[in-house]
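Quick notes on the structure that follows.
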Amino acid sequence: MENLESLKAELLTQVNTANNVKELEDIRVAILGKKGRITELMKTLGTLSQEEKIALGKGLNILKSEVEKALSDQKSTLETKELEAKLAAEKIDVTLPIRPENQGRLHPISQIYEEVVAIFGQMGFSVAEGPDIEDQFHNFNALNMPANHPARQMQDTFYIPNPDSDDFDDSFVVRTHTSPVQIRTMEKKELPIRIVAPGRTYRSDYDATHTPMFHQIEGLVIDKNITMAHLKGCLYDFIKAFFELDEIPVRYRPSFFPFTEPSAEMDIGCLKTKTELKIGAGTDWLEILGCGMVHPNVLRAGGINPDEYQGFAFGLGLDRLAMLKYGIPDLRTFFESDVRWLKHYGFLPLDMASMTGGLSNNGGAAR
Ligand code: PHE
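Heads up: the sequence shown begins at 10 in my numbering, then just goes up one per residue.
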């Protein structure tokens, strides 16, 4: 038995002085492995008398469990030490400037979103939001497009079944435009209204200038005595600020939207050549947005008395604005998540668009 006591002291010293996890594992094998010290002693039990066998067997089992406990304690001590050493060695200085080649970029749509909101924000508009999944009332009916109205066919709608109803009129849609936010804002019953509503919109369409998911920004102003002159002035100021030009030719063409009357489309002057599109000069015209005076039926649907209040509304495609302003030829590339594309067309993220600091002075492709 004395034998076992000194063996125990020896083995525990070995275990407790192991310098790292690897060394500890070698020690464990040398003690408990197939040819380990304790295993070898266990093998001798068969040659002993019954009494000796019981005594030594018991002693060895106790020794074995003591060694196992020491091994596991030492293992966690060593692991903690190794982790601490690793963490200390891997320390990074977060105040170091990022390497330019590793810096992330803002997607052009995010950039355009910031720019447009900065401009309208300065004019006194606030930002309103609505859900991507809409009911037909907000997306169509309240916007003067009752069921079976031919105007619904202007928009290639994605419908979503309503789990609680088999009636097609109860099915939902992914909103085909941001105009339902007009109704949701009117329903809040806070007048006057001066909002822009940017967000995602969906139509079944796919080519170089159309993707099934795209982005619009809606504008809505409602107050007493609002006229088309307010609409024109507001949009003219917007378009100059957006394209960062002092002068820009614009024209309004009569158009049709069920939710505005009269309705118009705004064109801006440009020069189109085979290789270039120059905005703000030339004899060509480019359609840029849809707008009009809010239809009395829409005001009524939103709970507003059209004899007392009037308003104007407009809607424009953010993706299209991004393509025009930053010369990006194919809309589909916007949503391919290609980092090389983002590096080329993206914007420095910490340099936010603002009316005082500049709208697009941080652009990759813009510079
Ligand atoms: N909702 C229209 C569209 O998606 C745009 C629009 C909005 C037109 C507001 C007039 C007024 O085409």
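The beta carbon of each residue, even a glycine, is placed where N, CA and C say it ideally should be. Owing to the predicted nature of the structure, the values given are computational and were not obtained by experimental measurement.
In the three-state scheme derived from DSSP, where H, G and I count as helix and E and B as strand, SER346 is classed as coil. Proximity of the beta carbon of ALA322 to the ligand PHE is indicated: a heavy atom of the ligand is located closer than 7 angstroms. GLN112 and ILE277 have their C-alpha atoms roughly 35 angstroms apart. Not a single heavy atom of the ligand PHE lies less than 7 angstroms from the C-beta of SER180. A Cβ-Cβ contact shorter than 8 angstroms links LEU368 with GLU253.
Annotation for SER272 indicates a beta carbon within 7 angstroms of some heavy atom of the ligand PHE. Taking 8 angstroms as the cut-off, the Cβ atoms of LEU244 and MET275 count as close. In the DSSP assignment, THR89 falls within the unbroken alpha helix (DSSP H) covering 59-98. Between the alpha carbons of HIS147 and PHE167 lies a gap of roughly 15 angstroms. Straight-line spacing of the CA atoms in GLN164 and ASN157 works out to 13 angstroms. In the structure shown, the three-state DSSP call for MET275 is strand. Short note on CYS243: C-beta not closer than 7 angstroms to any heavy atom of the ligand PHE. Straight across, the Cα-Cα distance linking SER119 with THR187 is about 17 angstroms.
The straight-line gap separating the alpha-carbon atoms of ARG108 and LEU115 is approximately 16 angstroms. By DSSP's assignment, GLN225 forms a beta bridge with GLY208, GLY326.
In the DSSP assignment, PRO117 falls within the alpha helix (DSSP H) that extends over 117-131. In summary, PRO207 is buried, with 16 or more beta-carbon neighbours lying within 10 Å of its beta-carbon over all protein chains present. A straight line joining the alpha-carbon of ALA273 with that of THR284 spans about 30 angstroms.
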